[in-house]
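Down below is the structure, laid out as structure tokens.
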Amino acid sequence: NNKKDKDDDDDDEEEEEQEEQEEQEEQDEQDATDEHQELYRKVMNDMDMQQNVVCELLLEGWGLRRHFNKLDDSGWTQPNDWHQLTQFILVYEIGFEMDETTTFLKYINEYTNYKQALQNQE
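If you're matching positions, the sequence shown starts at 127 in the working numbering and goes up one per residue.
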């Protein structure tokens, strides 16, 4: 019976740790989103900004600046075209590592949603 109680306690502790980790991940994601929204406002407010400059600023803000040359070499420096990018294109045509594609695609989606929300407000 004591072993069962100890196992239950261990399970409770594991559940609490997992909940805390999930809450921290949500907070980290919210912090990143807030930080990115400032970046998105900056690039959206300057309509004269060249698209390759917007590309560099977004990549810098997302911690992915090292990929600018790969995107440039393969003709993908236009953020307005990024909705067409897939994991396959990123890995096999541009040269991203597989695990980096998830992050990049997540940020593209975040940026696209931000732009659409702004356009819907107008």
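Glycine included, C-beta positions come from ideal geometry on N, C-alpha and C.
Selection from the options that minimises the alpha carbon distance to residue i
i, options, result
"R191", "F230, E161, W208", "F230"
"F214", "N239, W188, E223", "E223"
"Y233", "L244, L197, P205", "P205"
"D160", "Q247, D199, Y240, Q177", "Y240"
"N195", "E141, N235, I220, Q177", "I220"
"D207", "N178, D137, H193", "N178"
Secondary structure of residue i, DSSP reduced to three states
i, result
"F230", "helix"
"L197", "helix"
"F214", "helix"
"W202", "coil"
"Q176", "coil"
"E223", "coil"
"W208", "helix"
Whole-angstrom C-beta distance between residue j and residue i, which should lie under 8 Å
i, j, result
"L165", "L183", "7 Å"
"T203", "V217", "About 18 Å separates the two Cβ atoms, so there is no contact after all."
"G187", "H209", "Not quite, the Cβ-Cβ distance comes to about 18 Å (not below 8 Å), so this is no contact."
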